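In structure tokens, the structure reads:
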């Protein structure tokens, strides 16, 4: 019994400061240069963006999509135009080949957050303060079909970040809990039908500011976190987990309002770009 108690209280590992080497925080997603110039204009009366595709200083195509935000992507097979509403979690999009023929169009109850080699990632979040749930969708841009999705069972939670790697979907989300009111930062991992969950950290009160940034490699998952409540209290830091089961290895909290902006894993080193510079930590896993 004594041996068991000692094992249970031992830490799973450590993250210790190390020298910060030069590191790129940019995504390795492959990008295609657009052969056209794409300009947009906004019509406030009906919340519509007009996309004008220009070749040789001549407008050759235009398309209108409803939304308060907009974007476009050029891929090896064509151009994706999209507009969306973040608050209402909905988007409309059209995909054109490079002959400017329409290949597909669709609307989704989610808005795009990032493009990866695996596809376009979209997120549906509930209206702030409601008890709805969030979902993550992965869209195959070439076909317009969903290649994957995941809906964490978190009422009132808002997805903060998504990472796709090695057939796994990692999702970070803030969850309000009562009573007493607390905000918990969670990470989920979905691999096939298997789902794992772990808590990153928490803060008392309403989570009025939440940033939970993810990076992952074949061994580790790192989450750089920022939580703020209505009393202007903050928690900032980084936690590291094992990829296969989300067992927490260790965390390191930052001080003096130093907020994380980006996170990057390289082998057993986690780098965090903060508002005060770059921090680096070596991961020492004991289990």
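Numbering (this note's numbering), first residue to last: 12 to 298.
Ideal Cβ positions, reconstructed from N, Cα and C, are used throughout, including at glycine.
Remember, it's a predicted structure, so these values are computed and weren't measured experimentally.
Asked, Found
"Backbone CA spacing between residue 173 and residue 111 [nearest angstrom]", "31 angstroms"
"Ranges of the alpha helix (DSSP H) found wholly within the stretch 35-72, counting only runs of at least 4", "none"
"Nearest-angstrom Cα separation, counted from residue 262 out to residue 19", "Residue confidence for residue 19 is low, a pLDDT of 45 falling below 50, so the modelled location carries little weight; the figure read from the coordinates is stated next. Roughly 17 angstroms between the two C-alpha positions."
"Chain-order list of residues whose beta-carbon lies under 7 angstroms from that of residue 109 (same chain, five-residue window excluded)", "46, 89"
"Touching by the beta-carbon criterion (3+ pairs, under 8 angstroms), the stretch 27-42 and the stretch 51-64", "no"
"Inter-stretch contact (C-beta, 8 angstroms, three-pair minimum) for the stretch 198-206 and the stretch 239-249", "no"
"Within 8 angstroms, strictly: CB atoms of residue 235 and residue 212", "no"
"Nearest-angstrom Cα separation, counted from residue 73 out to residue 231", "45 angstroms"
"The beta strand (DSSP E) enclosing residue 261, as first and last residue numbers", "259-264"
"Neighbourhood of residue 10 by C-beta, 6 angstroms cutoff - its chain only, sequence neighbours within 5 removed", "Residue coverage of the chain in this structure runs from 12 to 298, which leaves residue 10 outside it and unanswerable."
"Where the beta strand (DSSP E) containing residue 146 begins and where it ends", "146-151"
"Where residue 32 falls: helix, strand or coil (DSSP)", "coil"
"CB of residue 134 within 8 angstroms of CB of residue 122, strictly", "yes"
"Extent of the continuous beta strand (DSSP E) run through residue 224", "220-227"
"Residue environment, residue 94, which counts as buried when at least 16 other CB atoms sit within 10 Å", "buried"
"Inter-residue Cα distance where the pair is residue 268 and residue 168", "24 angstroms"
"Unbroken beta strand (DSSP E) run spanning residue 267, endpoints", "First-last for residue 267: undefined, no H or E at that position."
"Beta-bridge pairing of residue 76 - partner residues as DSSP gives them", "60"
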